[in-house]
Structure formats: structure tokens, C-alpha cells
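Numbering (the numbering used here), first residue to last: 1 to 313.
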């Protein structure tokens, strides 16, 4: 009986040894875990998600690495992964955390994370699950009530047609008036028939008489020059005050046939310019001759115009 029991035990001994070895081998492997967690699955665009990887294993095993992806489609890292380790009861725990966000609306996935461990000279890769993340826009405000659709507003068109017509009529009237005035002023006059204005000559002579007994100051030289300009402007109806001395002499040359008078007038006008612009002080003896030169020139122009042989340019 005892022999038979020993025989039975010897028969089951190899099986028992194999079972015990399997338990020793499987138990550490069964204690390995690689899990991922997020603080939320639904976010708005730009909000952040905390992504954490937890790896647990027996103390007899060694963690080689935890591999989180360098980039994630449609998502971006806010903070890079950081590893934290801890010891539990007869086990090791490793955590790796990262913060991600997304600016694309839709359903995106956080990819699986792999952890490489070593035990008894062998390596094994632990892979976690992937986690969906739903990214959406800001939700519509449903607290406000619906508003009525406003009717179409008619566009107010201002008609300026009558203003345009009135402006055109006024413009035509102004042009007609200007043409009538021009035709009326030019009627009965010819190019060689100047207007006789006795008041221009009388004014010039009175002014020269007043300057004859005055002192030859710079102001009086300027008045002498202005008497000639005023006479020519009043006699011809044209402006002579904008002419330079050279231009004035050219316009007066046809009216003064005597060469000596033209030469004397040119010298007097240039002397007036020198007194005005160069602050020149001529001798007192020059003053009577200057007044007489302007007087003779005015009388020569008046005589020429009255004869009708010339006209004022």
C-alpha cells in the first residue's frame, strides 16, 4: 500500500513541479500593467487635457523606458512628458505626465503608449489603450430667446436731378452774361483806337508837380516810379504794376520816338530801382532831372496816342 502511494507520488511529481514553475513565472508577468488616464475627454478648442501614463510592476522587474509619441495628429503638447516613480507594497509604480491641447475641432485620438520592462534577462513591451478626445467649438448661448427676423429696409435714394438742372441753367446764364459784357465792352473799338482817359494824365501831372518841390527820399523815388505805372495802367486799361523795369521799357519804346527821351527814362527807372533795392542814395541834384524825365515820357506817350499813330501795348 505504501509502495503504491509512493509510485503514484512519483508519477505526479513532474507535473507538480511544472505547475509550481508556471505559477512562479506567470505571477510577475500578470502583475505588470500599463494604463493611461485623462482628466476629461470633451474639451473646447484651446482647452488643455492632462494625460497620464501609469506603469506598475513587481520589484524584481526593471523599467527600461516609457515611450510617449513626439507628436500627435491634430494635437499639440503644452508641457512635455515628465517621469515620476514610487514604491508600493512589493511593487513599483512609474508615472509619466503631459499636457496637450487642440485647435482643430473633431474627434481625435491619444495614441497608445508603450513601456519596455526587463525581467530575468528578458524584455517585454507593455502597450496601453488609445483614448478618444472630442474637441468642439464654444457652445451656443441658449439662455437668450429667439429674436424676430427684421424686415428688409428700403433704400432711400435722393434724386439730385433738379439740382443738376438748376446748376446747369445758372452756369449757362453766367457764361451768357460774361459773353454779353465782353461784346458790349469791345463794340465800336478797334485795336488802333485806344480809349482816351483825361483823368489819367491829370492825375500824373498833379503828382509830378507835388514831387517837384519835395525832398528826394527813397519813398519819393518809389512814388515817382508809381506815377508812371499808374498813368500807363489808367491810360491803357492794362496792368503795368507787375512789369519789371526791362519789360516796362520794352512796352514804352514804341510810344517814345525820341532816343534821348528813351535813354533818360531808362536811366531814371534804373535809378529808382537802385534806391529801392540797393539802398542807393543819389545826389540831390539828380532829383529834378528824374522828375522831368518821367514827365516828358508821359507827355510823349500821351501825344503819340492822341495822334492815333500808335496804341498802348
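Even for Gly, the Cβ is constructed at its ideal location relative to N, Cα and C. Nothing here was measured: the structure is a model prediction, and the numbers come from that model.
Consult DSSP for residue i and reduce its assignment to one of helix, strand or coil.
i	result
residue 61	coil
residue 147	coil
residue 218	helix
residue 255	helix
residue 301	helix
residue 118	strand
residue 96	strand
residue 158	coil
residue 294	helix
residue 85	strand
residue 307	helix
residue 152	coil
residue 279	coil
residue 250	helix
residue 263	helix
residue 332	A query on residue 332 cannot be resolved here, the shown segment of the chain reaching from 1 to 313 and no further.
residue 245	helix
residue 240	coil
residue 195	Reliability fails at residue 195, whose pLDDT of 44 lies under 50, so the model's placement of it is uncertain and the value that follows must be treated cautiously. It is coil, neither helix nor strand.
For residue i, which of the options has the nearest alpha-carbon?
i	options	result
residue 102	121, 77, 40	77
residue 223	208, 237, 259	208
residue 293	239, 235, 221	221
residue 79	93, 100, 96	100
residue 95	83, 105, 261, 104	83
residue 305	235, 40, 272	235
residue 262	217, 49, 242, 290	290
residue 364	215, 199, 47, 307	Here the chain covers residues 1 to 313 and nothing more, so residue 364 does not appear.
residue 72	104, 42, 92	104
residue 320	210, 203, 254, 123	Here the chain comprises residues numbered 1 to 313, so residue 320 is not present and cannot be evaluated.
residue 273	307, 225, 249, 299	225
residue 111	70, 278, 124, 170	70
residue 318	65, 43, 178	Here the chain covers residues 1 to 313 and nothing more, so residue 318 does not appear.
residue 283	49, 307, 215, 124	215
residue 285	212, 157, 57, 169	212
residue 126	67, 155, 154, 179	67
residue 244	254, 258, 277	277
Taking the DSSP output, what are the residues bridged to residue i?
i	result
residue 107	134
residue 230	BP columns for residue 230 are empty, so no partner.
residue 35	54
residue 66	115
residue 76	101
residue 169	Answer is none; residue 169 lacks a bridge partner.
residue 224	Answer is none; residue 224 lacks a bridge partner.
residue 43	135
residue 124	117
residue 49	100
When we look at the beta-carbon of residue i and count the other beta-carbons within 10 Å, is it buried (16 or more) or exposed?
i	result
residue 314	Residue 314 lies beyond the range of the chain shown here (1 to 313); nothing can be said about it.
residue 227	buried
residue 128	buried
residue 297	buried
residue 150	exposed
residue 231	buried
residue 248	buried
residue 45	exposed
residue 302	buried
residue 173	exposed
residue 287	buried
residue 250	exposed
residue 240	buried
residue 264	buried
residue 295	buried
residue 161	exposed
residue 92	buried
residue 268	buried
residue 98	buried
residue 201	buried
Taking Cβ positions only, does residue i come closer than 7 Å to chain B?
i	result
residue 67	Although the question refers to chain B, the structure presented lacks it and comprises just one protein chain.
Does the contact criterion of 3 or more C-beta pairs under 8 Å hold for the segment 160-176 versus the segment 125-138? no
The segment 51-64 contacting the segment 105-118, beta-carbon criterion three pairs below 8 Å: yes
For the pair the segment 49-56 and the segment 32-39, tell me if three or more CB-CB distances fall below 8 Å. yes
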